Every structure is written in structure tokens, then in C-alpha cells.
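Shown next, in C-alpha cells, is the structure this report addresses.
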Amino acid sequence: MCSETSQTDSEAIWRCEGCGKPIHENDPHHAGVDVELCPECAPDWSDMLATPHLFMNADDTEMTREQVQALVDRHLAAGGSLTDKLVS
Ligand SMILES: [Zn+2]
Numbered sequence: 086m087c088s089e090t091s092q093t094d095s096e097a098i099w100r101c102e103g104c105g106k107p108i109h110e111n112d113p114h115h116a117g118v119d120v121e122l123c124p125e126c127a128p129d130w131s132d133m134l135a136t137p138h139l140f141m142n143a144d145d146t147e148m149t150r151e152q153v154q155a156l157v158d159r160h161l162a163a164g165g166s167l168t169d170k171l172v173s
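Heads up: take any position in the sequence shown, counting from 1, add 85, and you land on my numbering.
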């Protein structure tokens with residue numbers, strides 16, 4: 086076991102896969118398959134629609150186009166837009 090020597094006040098637990106920016110536990114971010122992305126690098130709903138196989142269901146199976154379409158329809162029905170980022 087080795088302990089980190091320098092600890093910042095708020096510990097970053099992930100690093101953005103796109104730009105390397107540290108992501109803290111409570112920061113909005115996109116949790117992808119083995120990658121975490123900051124809001125600037127996160128995909129938006131139109132990306133999800135274009136590449137459904139890059140998104141996973143809760144049970145670790147790849148999403149199908151139909152599943153993604155259903156989510157997008159619900160998002161749009163709730164007043165969302167296709168350019169909204171997929172962050173939580
Ligand atoms: Zn980033």
C-alpha cells in the first residue's frame with residue numbers, strides 16, 4: 086500500500102478521458118463504459134442516437150437503437166433537447 090503524498094482539498098476520483106480534467110465525486114459528469122467524461126467532453130443525446138451501441142443498459146448489455154430511441158423520445162417529451170449533454 087502506498088499513500089498519496091499530495092492530497093487536494095477535494096479529491097478527484099476520475100480524470101476526464103477527453104481532456105484530462107479532474108472530476109470530483111459530486112461534479113456532473115458522464116459515466117460511460119470504463120470512461121468518465123467532463124460535461125464539455127460528454128456526448129449529447131444526438132450522439133447517443135447516432136451510436137447506441139456505445140451506451141450500456143443497467144445490466145451491462147449494449148443499448149439497441151430502439152431502447153435509445155425510447156429514451157430520447159422521453160427526454161424530448163420532457164422538454165429536453167438533442168444537444169443536451171448526457172451528464173448526471
Ligand atoms: Zn473533458
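Think of the CB as a built atom: it goes at the ideal place given N, C-alpha and C, for glycine as much as any other residue. Small disclaimer: the values here were computed from a predicted structure and weren't measured.
When rounded, the separation of the alpha-carbon atoms in T149 and H138 is 6 Å.
In the three-state reduction of the DSSP assignment, L122 falls in the strand class. Not a single heavy atom of ligand 1 lies less than 7 Å from the C-beta of L171. Per DSSP, H109 is one residue of the beta strand (DSSP E) stretching across P107 to H109.
Selection around ligand 1 by beta-carbon proximity, strictly under 6 Å to any non-hydrogen atom, yields C101, G103, C104, K106, L122, C123, E125 and C126 in chain order. In the structure shown, M133 falls within a helical segment according to DSSP collapsed to helix, strand and coil. With contacts defined as CB atoms closer than 8 Å, E121 and W99 qualify as a contacting pair.
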